[in-house]
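In our numbering, the protein residues as written are 41 to 186.
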């Protein structure tokens, strides 16, 4: 840990007066030390901006985790029918609690609708959490081969 901190500090200091070209797939390090990022795939520049701008403009997704006590198939179908929901993934069942990941359209937040749905359906709700996008999410979204 001490050596990596020293290297991060050195790169940041050198970056104040020099252009540093860092080629890596360790995106957590990139977020910590880089002022500007260029994402290249197959020789093409896919994005070029600050880490925070890339993440904020790429909320590809939104991913929301929800845990409810409900019939898993019915819950998945009802959640999938909500506006702005792209996909509902059944994750697992634990102690009668059903866990789902809800993928939503860019720039949307459906937590209130999900909470209202749980209330309307009388599903006890234990967890409702939006996961913020990371630079890794941005990279995966940009380089994804559909």
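For every residue, glycine included, the Cβ atom is placed at its ideal position computed from N, Cα and C.
Close-in-space but distant-in-sequence residues of the same chain around residue i (CB under 6 Å, 5 per side omitted)
i           : result
residue 158 : 108 and 165
residue 153 : 122
Option in the options with minimal Cα separation from residue i
i           : options            : result
residue 105 : 113, 123 and 155   : 155
residue 61  : 68, 75 and 49      : 75
residue 64  : 169, 73 and 103    : 73
residue 167 : 59, 138, 45 and 43 : 138
residue 146 : 134, 130 and 171   : 171
Range of the contiguous alpha helix (DSSP H) that encloses residue i
i           : result
residue 45  : 42–55
residue 185 : No alpha helix (DSSP H) contains residue 185, which DSSP labels as neither H nor E.
residue 107 : Premise fails: residue 107 lies in the beta strand (DSSP E), 102–108, not in any alpha helix (DSSP H).
Cβ distance (whole Å) where residue i is taken to contact residue j below 8 Å
i           : j           : result
residue 175 : residue 94  : 7 Å
residue 111 : residue 182 : Actually they do not touch by this definition, with Cβ atoms about 37 Å apart.
Opening and closing residue of the beta strand (DSSP E) in which residue i lies
i           : result
residue 81  : 77–81
residue 168 : 165–171
residue 117 : It is not in any beta strand (DSSP E) - residue 117 instead sits in the alpha helix (DSSP H) that spans 112–120.
Same chain, Cβ closer than 8 Å to residue i, five either side skipped, listed in chain order
i          : result
residue 77 : 70, 87, 88, 89, 90, 91, 94 and 175
Residues bridged to residue i (per DSSP)
i          : result
residue 89 : 77
Sequence-distant residues of its chain with Cβ nearer than 7 Å to residue i (five each side left out)
i           : result
residue 119 : 125, 128, 140, 142, 154 and 157
residue 179 : 67 and 79
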